[in-house]
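Below is one structure; the comments refer to it alone.
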Amino acid sequence: MLGLRSTIDNAILVNMASPYEIRVFGDPVLRKVAEDVTEIDGSLVELANDMLTTMYEEPGIGLAAPQIGISKRFFVYDLGDDEGPKALVNPVIAESDGEWLFEEGCLSVPGLHWEILRPKQIHVVGYDLDGNEVSLEADELLSRLIQHEFDHLDGVLLVDHLEGDERKAAMKTVRELFIMPPEEPEPKKRLFGGLRLP
Ligand SMILES: [Zn+2]
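Numbering (my numbering), first residue to last: 57 to 254.
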């Protein structure tokens with residue numbers, strides 16, 4: 057009885073855990089231009105919910121489909137304000153204006169932050185998960201978040217916004233942290249190699 061009970065508890069725990077692993081720098085899916093979503097249906101809604109669970113667990117405020125290995129043009133976000141969780145499907149940034157320097161991080165490059173210059177305000181259009189058209193004027197943090205997630209749909213990462221020595225230093229850091237293989241262990245010495253024992 058106890059055994060059965062604990063199996064059920066484990067099953068519930070597994071079910072509640074994040075269903076996706078976030079892909080990090082070096083994963084080729086993060087460099088692909090994602091494809092348009094062709095159908096907004098129940099499976100997309102389910103996927104968006106799973107992505108939100110994954111995002112909240114990190115915690116993060118935005119997550120694009122390529123970051124969980126799905127090369128489709130949509131992302132979820134939640135600024136933690138009254139708006140609640142949102143999804144934007146096949147977004148297009150129709151207009152942008154102003155400039156704003158702001159420190160950005162990324163769940164796919166965990167632990168690192170850079171000051172990135174981007175337009176301050178944007179006008180973005182797209183679809184929500186009901187298939188309704190969305191037309192949104194965004195400023196400051198929301199604008200920043202949407203531009204960041206939009207970049208993921210085009211295979212663009214934060215380091216691509218840096219220039220010159222700053223970019224070189226950032227690339228070196230991310231390569232060391234996420235790409236370089238660990239040092240090869242010393243090959244074991246074959247102490248008796250070739251030695252004929254009587
Ligand atoms: Zn990101």
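Note that beta-carbon positions come from the ideal geometry of N, C-alpha and C, so glycine has one too. Note that the structure is a prediction, hence the values are computed from the model and not measured.
query	result
Residue from Asp83, Asp195 and Val181 whose Cα sits closest to the Cα of Ala150	Val181
DSSP bridge partner residues for Tyr133 (one or two, in chain order)	Gly118 and Lys142
Nearest-angstrom beta carbon gap, Pro141 and Leu108 [assumed within contact, 8 Å]	5 Å
Rounded distance between the beta-carbons of Val165 and Val230, thought under 8 Å	6 Å
Near ligand 1: His204 beta-carbon under 7 Å from a heavy atom	yes
Collapsed DSSP secondary structure at Lys224 in the structure displayed	helix
Contact the region 121–130 vs the region 192–203: 3+ CB pairs below 8 Å	no
Closest residue to Leu157 among Glu139, Pro147, Gly98 and Gln177 (Cα-Cα distance)	Gln177
Leu197 burial status per 10 Å Cβ neighbour count (16 or more: buried)	exposed
Counterpart residues of Lys128 in DSSP-defined beta bridges	Glu91
Cβ neighbours of Val93 in the same chain (closer than 7 Å, five flanking residues each side left out)	Leu100, Lys128, Arg129, Phe130, Val145 and Asn146
Reference Asp134, options Ser152, Ile126 and Pro115, closest by Cα	Pro115
CB contact flag (Glu155, Glu171, <8 Å)	no
For Asp186 and Glu220, the rounded distance between their alpha carbons	Per the sequence shown, residue 220 should be read as Gly rather than Glu. Distance between the alpha carbons of Gly220 and Asp186 is about 44 Å.
Helix, strand or coil at Met236 according to DSSP, with G and I counted as helix	coil
Coil, strand or helix - Tyr112 by DSSP	helix
Ser164 Cβ short of 7 Å to ligand 1 heavy atom set	yes
His169: CB within 7 Å of a non-hydrogen atom of ligand 1	no
Closer than 7 Å: His217 CB and nearest ligand 1 heavy atom	no
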